[in-house]
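**Q**
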Amino acid sequence: MRITIFGTGYVGLVTGTCLAEVGNHVVCVDVDEDKVACLQDGKVPFFEPDLEVLIQRNVAEGRLRFTTNAAEGVAHGHFQFIAVGTPAAADGAADLRHVLAVAESIAEHMEQAKVVVNKSTVPVGTADRVRERISDVLTRRGADIDFDVVSNPEFLKEGGAVDDFMKPDRVIVGTGCRESAEQLRQLYAPFNRNHDRLIVMDVRSAELTKYAANAMLATKISFMNELANIADRVDADIERVRIGIGADPRIGYDFIYPGAGYGGSCFPKDVKALVRTAYEVEYKPQLLQAVQDVNERQQRYLYSRIQAHFADGLAGLTFALWGLAFKPNTEDMREAPSRRLIESLWAAGASVRAFDPKAAGEARQIYGERSDLVLCAKPEQALQGADALIIATEWNVFRSPDFESMRTLLKQPVIFDGRNLYEPRAVAALGFTYYAVGRPRRAPGGS
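If you're matching positions, the sequence shown starts at 1 in my numbering and goes up one per residue.
1. Is Cys18 near Val162, with beta carbons less than 8 Å apart?
2. I'd like the list of long-range same chain contacts for Val397, defined as Cβ closer than 8 Å, with 5 residues on each side in sequence excluded.
3. Contact between the segment 258-267 and the segment 333-343: three or more CB pairs below 8 Å?
4. Assuming Ala386 and Ala320 are in contact, meaning their beta carbons sit under 8 Å apart, how far apart are those beta carbons, in whole angstroms?
5. With distances taken between CB atoms, is the gap from Ala247 to Ile238 smaller than 8 Å?
6. I need the boundaries of the beta strand (DSSP E) containing Gln80, first residue and last residue.
7. Quick test of the definition: if touching needs 3 or more C-beta pairs under 8 Å, does the segment 204-214 touch the segment 264-271?
8. Taking the beta strand (DSSP E) that Lys269 falls in, what are its first and last residues?
9. Would His25 and Val74 qualify as a contact pair, given that the criterion is a beta-carbon distance under 8 Å?
10. Is Lys119 helix, strand or coil by DSSP?
11. Of the residues Ala20, Asn118, Glu48 and Ala113, which one's Cα is nearest the Cα of Asp146?
12. From Phe462 to Leu375, what does the alpha carbon distance come to, in whole angstroms?
13. Classify Asn329 as buried or exposed, calling it buried when 16 or more other Cβ atoms lie within 10 Å of its own Cβ.
14. What is the rounded straight-line gap between the Cα of Thr453 and the Cα of Tyr434?
15. Candidates Lys411, Gly313, Val427 and Asp41: which alpha carbon is nearest Pro401's?
16. Can you grab the Cα-Cα spacing for the pair Arg327 / Trp395, in whole Å?
17. Pull up the distance between the alpha-carbon of Arg407 and that of Leu314, whole angstroms please.
18. Have a look at Val414 and Ile230 and give me their C-alpha separation to the nearest angstrom.
19. If you compare alpha carbons, which of Glu362, Thr15 and Gln381 is closest to Phe79?
20. Identify every residue that forms a DSSP beta bridge with Tyr262.
21. Who are Leu389's beta bridge partners in DSSP?
22. Work out the CA separation of Pro168 and Tyr253 for me, nearest whole Å.
23. Is the beta carbon of Val130 closer than 8 Å to that of Phe81?
24. Would you please state the rounded distance, in angstroms, between the beta carbons of Val122 and Ala83? I believe it to be under 8 Å.
25. Using a threshold of 7 Å, is the CB atom of Ala325 nearer than that to any non-hydrogen atom of the ligand ATP?
26. Look at Asp372 and Val352 and say whether their C-beta atoms are less than 8 Å apart.
27. Going by DSSP, what residue range makes up the beta strand (DSSP E) through Asp148?
28. What are the boundary residues of the alpha helix (DSSP H) that includes Gly246?
29. Nearest to Pro285 by CA position, among Glu362, Ile342, Thr219 and Gly263, is which residue?
30. Relative to the alpha-carbon of Arg419, which residue among Ala181, Tyr301 and Phe6 has its alpha-carbon at the smallest distance?
31. Measuring only the C-alpha atoms, how far is Val59 from Leu51?
32. Around the C-beta of Val53, are 16 or more other C-beta atoms found within 10 angstroms, so that it is buried, or is it exposed?
33. For His76, is the classification buried or exposed, using 16 other Cβ atoms within 10 angstroms of its Cβ as the cut-off for buried?
34. What does the alpha-carbon distance come out to for the pair Ser205 and Gln412?
35. Check the DSSP bridge columns for Thr433 and list the partner residues they point to.
36. Can you tell me whether Ala215 is helix, strand or coil according to DSSP?
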């Protein structure tokens, strides 16, 4: 099949590449000339496991190419995927300017029937607006061309997006047109062979399904963080609680790890947008608002622990920080808990020595060169001369460190663990003061 993808961010690039990988001919359109040139050379502007190899192979074999020419893209594909960003506006609503601009470009250049597939995460009712924008442009052109607008939300995890696309849990298709539904079923057939994962529904339900999925996962995270804060105050161990409730198959173990709060490009933005949608239809979403509030508070958790431990003030202290990305296997620092923490430490007069396997370049781009931030090449380098260690991201490389070496490198053997990587008793027995989330604090040698 011939497919066009507008947008080469995480969603567009993974979608286009994986569709090319199963034999389709894909053109990806982006307005950034430098980015398009890099992609055509097989270079990916962000880290996503396995993606670069797939891009290089499909470009070399002629199934995948990149352009800045919208007319070329519209002429190429029967399917026109919209996969551009929908950043949060100041009021929390999704900014649809890029989505509607692509819709207008498609309408300006289309000369034959198209299926417009909205892959971007958008509020309920966006497909109607896209359809209206395309119809208006076609009317202005005096062109009578058939088209349909389909909602096909993405469910891709950063750090596992390729695998998620190639082996989906479900493929949601929102359309009222049987022909479009059947065409999408054929398009996704290579990813749907083990059993039927394609679920067809009306467009508005499909749009809401995406927001509902992310809001549900964010709710589980905030719920566990709420429990962790209670555990702190009643001297319970949230890790034991997690195991106890996760054994119930109705609850399960996914997304019930307490920590320093959720971040990234999806959960914060999507929960805000869903809250905004609710208020627009005169409904007060109390639970969703609480999810946001708990997460906002949780992103301040580590800093409050640090302040309490160093009661004489943080000015002049240096902190080692392991982890900058909002989660492992990505370089993405959007809404990452590490950012609020770093900025709070700076405001208090402290310095930071940070290590992250992938996100150092992103941190440098965000913060530039400054004397109170040292980006280190190895975890051990971050520890040198630091007054304490803070863990903000659960990269595998942090899970089994050399604690004796750590104690030697740190000025003070203190760990603030925002991801509960270690067993408190074991770390305390090695001579550390160890703070975790919702786990009993252990002093050196403590039982």
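Using N, Cα and C, we set each Cβ at its ideal position, and we do this for glycine too.
**A** On the basis of the supplied data:
1. The count along the sequence shown starts at 1 and reaches residue 18 at position 18. The count along the sequence shown starts at 1 and reaches residue 162 at position 162. The answer is yes: Cβ separation under 8 Å.
2. Along the sequence shown, read from residue 1 onward, the residue named residue 397 stands at position 397. Closer than 8 Å at Cβ, skipping near neighbours: Pro357 and Pro379.
3. yes
4. As a position in the sequence shown, residue 386 is number 386, starting the count at 1. As a position in the sequence shown, residue 320 is number 320, starting the count at 1. Indeed they touch by this definition, with Cβ atoms about 4 Å apart.
5. Numbered from its first residue, the sequence shown carries residue 247 at position 247. Numbered from its first residue, the sequence shown carries residue 238 at position 238. Cβ distance not < 8 Å, so Ala247 and Ile238 don't count as in contact.
6. To locate residue 80, count along the sequence shown from 1; it is residue 80. Run containing Gln80: Phe79 to Ile82, per the beta strand (DSSP E) assignment.
7. yes
8. Within the sequence shown, residue 269 is the residue found at index 269, counting from 1. No beta strand (DSSP E) contains Lys269, which is instead part of the alpha helix (DSSP H) from Phe267 to Glu280.
9. The count along the sequence shown starts at 1 and reaches residue 25 at position 25. The count along the sequence shown starts at 1 and reaches residue 74 at position 74. Not closer than 8 Å, so no.
10. Within the sequence shown, residue 119 is the residue found at index 119, counting from 1. Lys119: coil per DSSP, three-state reduction.
11. Indexing the sequence shown from 1 puts residue 146 at position 146. Nearest of Ala20, Asn118, Glu48 and Ala113 to Asp146, Cα basis: Ala113.
12. What is shown of the chain runs 1 to 447, which leaves residue 462 out entirely.
13. In the sequence shown, counting from the first residue as 1, residue 329 sits at position 329. With 16 or more other Cβ atoms within 10 Å, it is buried.
14. No answer is possible for residue 453: the residues shown for the chain start at 1 and end at 447.
15. For the purposes of this step, residue 401 is taken as the residue at position 401 of the sequence shown. Among Lys411, Gly313, Val427 and Asp41, the Cα nearest to that of Pro401 belongs to Val427.
16. The residue given as residue 327 occupies position 327 in the sequence shown. The residue given as residue 395 occupies position 395 in the sequence shown. Rather than Arg, the amino acid found at residue 327 in this sequence is Lys. Looking at the two C-alpha atoms, the distance is approximately 8 Å.
17. Taking the sequence shown and counting its residues from 1, one reaches residue 407 at position 407. Taking the sequence shown and counting its residues from 1, one reaches residue 314 at position 314. Answer to the nearest angstrom: the Cα atoms are 20 Å apart.
18. By 1-based counting over the sequence shown, the position of residue 414 is 414. By 1-based counting over the sequence shown, the position of residue 230 is 230. Approximately 23 Å, taken between the alpha carbons.
19. Position 79 of the sequence shown holds residue 79. That would be Thr15, whose Cα lies nearest to the Cα of Phe79.
20. In the sequence shown, the residue the question calls residue 262 occupies position 262. DSSP output for Tyr262 lists no bridge partner at all.
21. Counting from one through the sequence shown, the residue named residue 389 turns up at place 389. Note: Leu389 sits in a beta bridge opposite Ala320 and Ile415.
22. Counting from one through the sequence shown, the residue named residue 253 turns up at place 253. Counting from one through the sequence shown, the residue named residue 168 turns up at place 168. Going by the C-alpha atoms only, they are around 20 Å apart.
23. Reading the sequence shown from its first residue, position 81 is the one you call residue 81. Reading the sequence shown from its first residue, position 130 is the one you call residue 130. For Phe81 and Val130, no; Cβs fall outside 8 Å.
24. Within the sequence shown, residue 122 is the residue found at index 122, counting from 1. Within the sequence shown, residue 83 is the residue found at index 83, counting from 1. No, Val122 and Ala83 are not in contact; Cβ-Cβ is about 11 Å, not under 8 Å.
25. Ligands are entirely absent from the displayed structure, and the ligand ATP is therefore not among its contents.
26. Numbered from 1 along the sequence shown, position 372 holds the residue referred to as residue 372. Numbered from 1 along the sequence shown, position 352 holds the residue referred to as residue 352. Cβ atoms of Asp372 and Val352: closer than 8 Å.
27. Along the sequence shown, one-based indexing puts residue 148 at 148. Counting along the chain, the beta strand (DSSP E) containing Asp148 begins and ends at Phe147 to Ser151.
28. Taking the sequence shown and counting its residues from 1, the one referred to as residue 246 is at position 246. Counting along the chain, the alpha helix (DSSP H) containing Gly246 begins and ends at Ile238 to Gly246.
29. Along the sequence shown, one-based indexing puts residue 285 at 285. Among Glu362, Ile342, Thr219 and Gly263, the Cα nearest to that of Pro285 is on Thr219.
30. Locating residue 419 in the sequence shown gives position 419, where the first residue counts as 1. The residue with the shortest Cα to Cα distance from Arg419 is Tyr301.
31. Counted from its first residue, the sequence shown places residue 59 at position 59. Counted from its first residue, the sequence shown places residue 51 at position 51. One C-alpha to the other measures close to 12 Å.
32. To locate residue 53, count along the sequence shown from 1; it is residue 53. That one is exposed.
33. Working through the sequence shown from its first residue, we reach residue 76 at position 76. The residue in question, His76, is buried, as its Cβ has 16 or more Cβ neighbours within 10 Å.
34. Here residue 205 refers to the residue found at position 205 when the sequence shown is read from its first residue. Here residue 412 refers to the residue found at position 412 when the sequence shown is read from its first residue. Each residue's alpha carbon lies about 54 Å from the other.
35. In the sequence shown, counting from the first residue as 1, residue 433 sits at position 433. Bridge partners of Thr433: Val414.
36. Here residue 215 is taken as the residue at index 215 of the sequence shown, counted from 1. Helix, per DSSP.
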